[in-house]
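K.L.:
Residue numbering for the sequence shown follows this note's numbering, starting at 49 and increasing by one per position.
Handing you a structure now.
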Amino acid sequence: MRRTLFCLPIAAIGLAVSLGNLEHVAFLYPYPGGFMSCVETTAAIIVIAFGALLFHNRSEIELGLVCGVNTERLYFTRFAPMVMYTVAAMMLFLAYYKVLPFSGPLAGELVYFYVPERVKLYAAVSMVVTVLFFASVCAVIRAVTRNCYITFFISFIVHSAFSELNKKIRLGTAPLGQCSVDPFMSSYIISDHVPSANESLGLSPHVWTYNRLSFLALAIIFFVIAYILLKRENLHKGFTE
49 MRRTLFCLPI
59 AAIGLAVSLG
69 NLEHVAFLYP
79 YPGGFMSCVE
89 TTAAIIVIAF
99 GALLFHNRSE
109 IELGLVCGVN
119 TERLYFTRFA
129 PMVMYTVAAM
139 MLFLAYYKVL
149 PFSGPLAGEL
159 VYFYVPERVK
169 LYAAVSMVVT
179 VLFFASVCAV
189 IRAVTRNCYI
199 TFFISFIVHS
209 AFSELNKKIR
219 LGTAPLGQCS
229 VDPFMSSYII
239 SDHVPSANES
249 LGLSPHVWTY
259 NRLSFLALAI
269 IFFVIAYILL
279 KRENLHKGFT
289 E
């Protein structure tokens, strides 16, 4: 935890830059995005960078093996605090943010927004799930490719694809039903209080919970796969070795 403490200010600075002045950021907004959109998309990129660039010097892994430290233990011991510090930075901004009634004109009414009671509790759960999902994706790709830069490139492509889907849904250019495969769903629907107008489109009243549980399950599965791959003790080898 002490060795990776630098991740907390890095994550906080990244979130601060993306959010700007919090007093002028709506909680949910179509474009360019509200508080939830900025926090989750930025935090996902931050945790991808932490996970991908971890152990860019392969001799550090070799030293661990010489000292009898398993690669999977070494990797997750270093990566877990980085994820925790990223989550901590998000929680700090969430605690500071004040949800206010929004009375300004929306950029169209193609997507219906709803902010329920105890919204910060739902937001905290959503943030943790989103970060864990992208951290697990990064861990699997890192274990498979055994290359820092390839991992970051592929993970960033995955992030960009999901971000583009989220943007299309928020702007109404993609069917709202695709929200079930959107890891950033909380940028337009949060909690199980789906407005009746959206239920008429075929959405389940519990679509948000199903979405969060699905991505949490995927995160667990990907972490298990990464753990199994790392047990092969070949992370110190190059991509072509």
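Backbone N, C-alpha and C fix where the C-beta goes; we use that ideal spot for every residue, glycine too.
#1: So PHE210 is in the alpha helix (DSSP H); what residue range does that whole segment cover?
#2: Hey, could you find the ends of the alpha helix (DSSP H) VAL179 is sitting in?
#3: Buried or exposed: where does VAL65 fall if 16 or more other Cβ atoms within 10 Å of its Cβ makes it buried?
#4: Can you name, in chain order, every residue of its own chain whose Cβ lies under 6 angstroms from the Cβ of PHE263, other than the five neighbours on each side?
#5: Can you give the Cα-Cα distance for HIS207 and ALA183, rounded to whole angstroms?
#6: Can you name the start and end residues of the alpha helix (DSSP H) that GLU120 belongs to?
#7: Spell out a yes or no on whether the stretch 194-201 and the stretch 213-221 are touching, meaning 3 or more CB-CB pairs, one atom from each, closer than 8 angstroms.
#8: Quick one: what's got a C-beta closer than 7 angstroms to ALA92's C-beta in the same chain, skipping five residues either side?
#9: Going along the chain, which residues of its own chain have a beta-carbon closer than 7 angstroms to the beta-carbon of VAL188, five neighbours each way excluded?
#10: Take LEU266 as the anchor and find which of TYR145, CYS186, GLU108 and TYR144 has the nearest alpha-carbon.
#11: In terms of alpha-carbon separation, which member of VAL117, CYS55, LEU251 and THR257 lies closest to VAL131?
#12: Going by Cα to Cα distance, which pick from GLU120, PRO57 and HIS104 is closest to ALA137?
#13: Would DSSP call MET49 helix, strand or coil?
#14: Rounded to whole angstroms, what's the CA-CA distance from LEU63 to TYR145? Just pull it up for me.
#15: Distance check for LEU213 and HIS170, CA to CA, integer angstroms please.
#16: Reducing DSSP to helix, strand and coil, say where ARG280 ends up.
#17: Let's see if you can read the secondary structure: which residues bound the alpha helix (DSSP H) around PRO231?
#18: Considering only the beta carbon of each residue, do VAL73 and CYS86 sit closer than 8 angstroms?
#19: CA-CA distance, SER174 and ARG260?
#20: Within 10 Å of its beta-carbon, does ARG194 have 16 or more other beta-carbons around it, so buried, or fewer, so exposed?
P.N.:
Let me spell this out:
#1: 196-219 is the span of the alpha helix (DSSP H), which, as asked, contains PHE210.
#2: VAL179 -> alpha helix (DSSP H) spans 167-193.
#3: Answer is exposed; the Cβ neighbour count stays below 16.
#4: Correct list, in chain order: VAL177, PHE181 and PRO231.
#5: Near 11 angstroms, if we compare the C-alpha coordinates of ALA183 and HIS207.
#6: Going by DSSP, GLU120 is part of the alpha helix (DSSP H) stretching over 119-144.
#7: Contact check between the stretch 194-201 and the stretch 213-221: fewer than three CB pairs, one atom from each, fall below 8 angstroms, which does not count as touching.
#8: Around ALA92, the same chain offers THR178, VAL179, PHE182 and HIS207 as residues with beta carbons nearer than 7 angstroms, after the five sequence neighbours per side are excluded.
#9: Non-local C-beta neighbours of VAL188 in its own chain, meaning closer than 7 angstroms and more than five positions away in sequence, comprise PHE270, ILE273 and ALA274, ordered along the chain.
#10: Ranking TYR145, CYS186, GLU108 and TYR144 by Cα distance to LEU266 puts CYS186 first.
#11: The option with the nearest alpha carbon to VAL131 is CYS55.
#12: ALA137 has its Cα closest to that of PRO57, out of GLU120, PRO57 and HIS104.
#13: Judged by DSSP in its simplified three-state form, MET49 adopts coil rather than helix or strand.
#14: Using only the alpha carbons, I get a separation of about 12 angstroms.
#15: A small correction: the amino acid at residue 170 is Tyr; His does not occupy that position in the sequence shown. Cα-Cα distance, rounded: 22 angstroms.
#16: If DSSP states are grouped into helix, strand and coil, ARG280 belongs with coil.
#17: No alpha helix (DSSP H) holds PRO231; DSSP gives it neither H nor E.
#18: In contact: VAL73 and CYS86 (Cβ atoms closer than 8 angstroms).
#19: In this structure, the alpha-carbon of SER174 lies about 7 angstroms from that of ARG260.
#20: Looking at its Cβ environment, which holds 16 or more other Cβ atoms inside 10 Å, ARG194 is buried.
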